[in-house]
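If you're matching them up, the sequences are chains A and B in order. Heads up, the first sequence is in my numbering, so the first residue is 397 and it goes up one at a time. Heads up, the second sequence is in my numbering, so the first residue is 397 and it goes up one at a time.
2 protein chains.
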Amino acid sequence: MDRPTVHDLARHAKVSLATVDRVLNGRPGVREKTVARVQKAIEDLGYARDANAASLARKKPYRFVFLLPKANTQFMAALTAAIKNAETVHAALRAEIDIVQSSMLTPEEASNSIRSLDTENIDGLAIMAPETPTVRDAVINLRRSGIPVVPIITDLPDTECGHFVGINNVAAGRTAARLLGGFVAHQTGSIAVIGGQTMSRDFLDRRLGFDAVMRDRYPGLHILPTAEGADNAERVEAIARALLQRHDDLLGIYLSAAGTSGLYAALQDHPGPLPKIVVQDLTPVARKGLETNLFDIVIGQDLGHVARSAIRVMRAMKDQLPLSRDQERIRIEVFTSENLPDP
Amino acid sequence: MDRPTVHDLARHAKVSLATVDRVLNGRPGVREKTVARVQKAIEDLGYARDANAASLARKKPYRFVFLLPKANTQFMAALTAAIKNAETVHAALRAEIDIVQSSMLTPEEASNSIRSLDTENIDGLAIMAPETPTVRDAVINLRRSGIPVVPIITDLPDTECGHFVGINNVAAGRTAARLLGGFVAHQTGSIAVIGGQTMSRDFLDRRLGFDAVMRDRYPGLHILPTAEGADNAERVEAIARALLQRHDDLLGIYLSAAGTSGLYAALQDHPGPLPKIVVQDLTPVARKGLETNLFDIVIGQDLGHVARSAIRVMRAMKDQLPLSRDQERIRIEVFTSENLPDP
DNA sequence: TGCGTTTTGATTGACGTACCTCAAAACTTG
DNA sequence: CAAGTTTTGAGGTACGTCAATCAAAACGCA
């Protein structure tokens, strides 16, 4: 009934402890046949490494890297803060976290920043990057060389990563549409969507979901062509001012990317009734927007949960531990001024 | 820079390892003066027990009890399932979980079920119970005798428990009001609230929040007197049918307690347009209600998170470990048919 | 002061894994 | 089949805590 140990593995596979250890920790010098025998024993006995004993015995801490795009947004500030905080909380896991921020505006920059990582001394990589072929190749390379890679915030499909840590962005867009639509469905008029970086998968997914629900559930509303805010507050502000001025039937705006403070500024000194506003991510200015009733809904994700989950997932991948899908699922959060958590 | 160990404590407090161990694990036979010296050393060095080493060395598992009201609702079924699941996920914590369900319909029953626990062999208690003076006294008794107690789902204020695991129910009610109000605010008509057990603090808090937001933000809507659904599907069904029949200006219903299947049944065969529906807790029937568009919004909380968090909190209290408020905060979830998680 | 009692010290062996060394055995290759 | 290389075995130490033992010291009390 007790959990099997390495000793049980050795006995069952008819090899020595040293060999089991070599297999478990990927050390060289074991014939394939023997590796297979040990792995069969792992299967047969349902062995799972005792995480407590492992991290106790381990001298060197794990070295995990978070590779993030360099952007001067409140969202990125909140994300890096959450990662740093997770490091201290997870001190028991003996994980050292490096946050690497590098410009990823072009596909070349993005894949270069992946390739320039010191892959020798890395136990895992959590990455937020645009989905381009070069990025995909660079990530697949890392995976093939045995390094756990976990996409966070924005998914990288078809990169053999196995697990994405972040919300379902299609569902987030759908939710935004449902709430915004529900608030204004009794009227006829137009709805605007302000987007971000075109290469960014998360933004594309959200728009996809938003458009689908608007089309199917609220056909009476007119969706304006998506404006490119480029995650930039000034651009977003200009776009928002133009929208407010030119469309007197504007019922709602969904800001599905960064640049929230631009929208806030535009709304702040707009005379007359405001459209319903849904924005993405509970940044400080988004919170202020809710508190001042300029914004109605904020769709978000718990960045602390994202950071902690990414660390757990990298560790589980590194040590071939099972992970609980249930615990690692990041939930879409819906904030109004009524349910803001304490800052 | 390394974390201090028991050896450092012993040296700093000028006592032996054995004495440090006695203090740390509450074993008898240490003078108060010496206890104080050791505790000062803990303070000075910022010592925190290494959870990995502790759970590795520990022979006997922790014994935690979840004391829940006996009720044949889908919510309770989901809660017990989540607790059982958390036990297997947290196998590494060496925690054995007992779920005790006992009737708590009267204050006497409730406090009796607390008193009848075998407090000798318990390392912590997670409790969901109505807030009555007798319950409060029983809980305070437990706390005074050194047993960690954690209220879950519904809070027990003023019981010296230190931490509540569950959502802010006032905020949940406020959120329900904001969304329901937002959906119907352009019309005039009435809104119904169906409640549950009167003694239940969570339900009272939700109604409080709901009423406040309705009053302040949507004064045009008429709130009908709260109907007592008693967490019972048949009663709720009867109430809902009566509401639908008698109030032809009924714009929305907030079901803030159990009995969701009754509401579902009443709506299912109601001819004509339906009011907007907000229900509490993502039970199977609530999910079906969203999928079939009978319900609009479900307010919930992640029961898996509640169960895991309660276990972590009990363990932290038992071992005097610090806990991360951030990680233990349970978030209010807002579900629509657009963001239902995979079952 | 001497007695018994309480408090403290010194020491030891788990717990399950990581990581290291050295030697023995099993293979390969010419 | 000998020489070299690769693979395997045997064994030990360490990680930080728990839990227990036994002896020594400090204390209270007559």
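Glycine included, every Cβ here is placed at the ideal spot set by N, Cα and C.
| Query | Result |
| --- | --- |
| Checking 7 Å against the spacing of the C-beta atoms, do Ile495 of chain A and Phe460 of chain A come in under that value? | no |
| Have a look at the DSSP bridge pairing and note the partners of Ala623 of chain A. | A:Ile590 |
| Following the continuous alpha helix (DSSP H) through Arg539 of chain A, name the residue where it begins and the one where it ends. | Pro529 to Arg540 |
| Taking the alpha helix (DSSP H) that Arg773 of chain B belongs to, which residues open and close that run? | Given a span of 397 to 739 for chain B in the structure shown, any question on residue 773 of chain B remains unanswerable. |
| Identify each residue in the region 715-737 of chain B for which the Cβ-Cβ distance to at least one residue of chain A is less than 7 Å, and report them in chain order. | Ser720, Asp722, Gln723, Arg725, Arg727, Ile728, Glu729, Val730, Thr732, Glu734, Asn735 and Pro737 |
| I want to see whether chain A comes within less than 7 Å of Leu699 of chain B, judged by CB atoms only; does it? | no |
| DSSP state of Glu734 of chain B, grouped into three classes? | coil |
| Name the two residues that bound the continuous beta strand (DSSP E) containing Gly569 of chain B. | Looking at the DSSP string, Gly569 of chain B is not in any beta strand (DSSP E); the run it does join, the alpha helix (DSSP H), is Asn565 to Val580. |
| Could one say the Cβ of Arg427 of chain A lies closer than 7 Å to chain B's Cβ atoms, at least one of them? | no |
| The beta strand (DSSP E) that contains Pro465 of chain B, what's its start and end? | Tyr458 to Pro465 |
| Indicate whether Ala573 of chain B and Phe599 of chain B have their beta-carbon atoms separated by less than 7 Å. | no |
| Please list the partners that Val485 of chain B has in chain A, where partner means a Cβ-to-Cβ separation under 9 Å. | Ser720, Asp722 and Gln723 |
| With DSSP as the reference, label Ala522 of chain B as helix, strand or coil. | strand |
| Between Leu647 of chain A and Gly685 of chain A, is the Cβ-Cβ spacing less than 7 Å? | no |
| Would you call Ser541 of chain A buried or exposed, if buried means 16 or more other Cβ atoms sit within 10 Å of its Cβ? | exposed |
| Could you check whether the region 668-688 of chain A touches the region 647-659 of chain A, counting it as contact only if at least three pairs of C-beta atoms, one from each stretch, sit closer than 8 Å? | yes |
| Quick one: what does DSSP say Pro765 of chain B is sitting in, helix, strand or coil? | Because chain B in this structure spans residues 397 to 739, residue 765 of chain B falls outside the shown range and cannot be described. |
| Going along chain B in order, which residues have a C-beta closer than 8 Å to the C-beta of Arg704 of chain A? | Gln723 |
| Taking the straight line between their C-alpha atoms, what separation do you get for Ala449 of chain A and Leu717 of chain A? | 13 Å |
| In this structure, how does DSSP classify Tyr614 of chain A when only helix, strand and coil are distinguished? | coil |
| Helix, strand or coil for Pro503 of chain A per DSSP? | helix |
| For the alpha helix (DSSP H) containing Leu647 of chain A, name the first residue and the last one. | From DSSP, Leu647 of chain A is part of no alpha helix (DSSP H) but of the beta strand (DSSP E) over Leu646 to Leu651. |
| So with Cβ pairs under 7 Å, would you call Thr571 of chain A a contact of chain B? | yes |
| For chain B, is any of its Cβ atoms less than 7 Å away from the one on Ala608 of chain A? | no |
| When the cut-off is 7 Å and only beta carbons count, does Arg708 of chain B lie next to chain A? | no |
| Between the Cα of Ile523 of chain B and those of B:Glu504, B:Ser499, B:Ile549 and B:Arg683, spot the shortest distance and give me the residue it belongs to. | B:Ile549 |
| Under a Cβ-count criterion, where at least 16 other Cβ atoms within 10 Å of its own Cβ denotes burial, should His701 of chain B be classed as buried or exposed? | buried |
| Among the candidates A:Arg602, A:Asp554 and A:Asp715, whose CA atom is the shortest distance from the CA of Tyr443 of chain A? | A:Asp715 |
| Along the beta strand (DSSP E) that carries Val546 of chain A, what are the first and last residues, could you check? | Val545 to Pro547 |
| If you drop the 5 nearest sequence neighbours on each side, which residues of the same chain put their C-beta closer than 7 Å to that of Ser705 of chain A? | Val561, Glu724 and Ile726 |
| How many whole angstroms separate the CB atoms of Leu552 of chain A and Arg532 of chain A, which I take to be in contact at a CB cut-off of 8 Å? | 7 Å |
| Considering Ser498 of chain A, what are the terminal residues of the alpha helix (DSSP H) in which it resides? | Careful: Ser498 of chain A lies outside any alpha helix (DSSP H), inside the beta strand (DSSP E) at Ala491 to Ser498. |
| Which residue comes first and which comes last in the alpha helix (DSSP H) that contains Val746 of chain A? | Outside the displayed span of chain A (397 to 739) sits residue 746 of chain A, for which this structure offers no information. |
| Any Cβ of chain A within less than 7 Å of the Cβ of Leu452 of chain B? | yes |
| Alpha carbon to alpha carbon, how far is Tyr458 of chain B from Ala409 of chain B? Give it in angstroms, no decimals. | 29 Å |
| Any heavy atom of the ligand FMN closer than 6 Å to the CB of Val730 of chain B? | Ligands in the displayed structure: none, and consequently the ligand FMN is not present. |
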